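Student: The following block contains the structure, expressed as structure tokens.
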Amino acid sequence: MKEVKGGYITYLKRLSDNEVIAFAKPDWNLELTLFQDSNGDQYYWNREGLVRFGGICGIETTNCLVNGKHSYINQKRLWETMSIVGDDPYRNFLGYTVKRNIGISNLGKRFVYFSYGVAVINEQSGSWYRVKSSPVFE
15 MKEVKGGYIT
25 YLKRLSDNEV
35 IAFAKPDWNL
45 ELTLFQDSNG
55 DQYYWNREGL
65 VRFGGICGIE
75 TTNCLVNGKH
85 SYINQKRLWE
95 TMSIVGDDPY
105 RNFLGYTVKR
115 NIGISNLGKR
125 FVYFSYGVAV
135 INEQSGSWYR
145 VKSSPVFE
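Quick note: the sequence shown, position 117, residue 131 per the numbering used here, numbers continuous.
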């Protein structure tokens, strides 16, 4: 399932019977950009190329390139994302998890509560892992 949310394409993935992750993918053409050689073939940028030429648009923005380049703010947003997801933001995405839990009160009654977190997901391999959320929200 995918929907456009203010410039971001978001996806949902079921992690278990009680947990889902919502994650956003940067646009390869308008945000991360691709390297094009003299033959016209396109390739992913390596870390150095991404740091120099890539960026991530802000919310409610679908195209943030100005004269074919990213502003410092867009570049900084990508650098911060890469500090969490690693050097491959083409395949590793930042996500938000929601887990349904069942607890038992001190009176013995069952109740439902939800826990939330931040995770990195590699959609291609299906692997994911939790990350400490406090630095993400700063």
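Beta carbons: idealized from backbone N, C-alpha and C, even for Gly. Treat the numbers as computed from the prediction; the structure is a model and nothing was measured.
#1: Nearest to asparagine 43 by alpha carbon, out of Glu33, Tyr58 and Ser30?
#2: Going by beta carbon distance, what residues of the same chain come within less than 6 Å of glutamine 89, once the five residues before and after it are set aside?
#3: Could you give the distance in angstroms between the alpha-carbon of isoleucine 35 and the alpha-carbon of serine 97?
#4: What are the boundary residues of the alpha helix (DSSP H) that includes tryptophan 42?
#5: Please classify lysine 19: is it buried, with 16 or more other beta-carbons within 10 angstroms of its beta-carbon, or exposed?
#6: For tyrosine 86 and leucine 92, I'd like the C-alpha separation in whole angstroms.
#7: Under 8 Å, with one C-beta from each stretch per pair, do the stretch 38-54 and the stretch 71-82 reach the 3-pair mark?
Tutor: Taking the definition as stated:
#1: For the residues Glu33, Tyr58 and Ser30, the minimum Cα distance to asparagine 43 belongs to Tyr58.
#2: Gly69
#3: 20 Å
#4: Counting along the chain, tryptophan 42 falls outside any alpha helix (DSSP H), and DSSP gives it neither H nor E.
#5: Its pLDDT being 48, under 50, lysine 19 is placed unreliably in this model, and the value from its coordinates should be taken loosely. It counts as exposed.
#6: 10 Å
#7: Contact between the stretch 38-54 and the stretch 71-82 is present, with at least three C-beta pairs closer than 8 Å.
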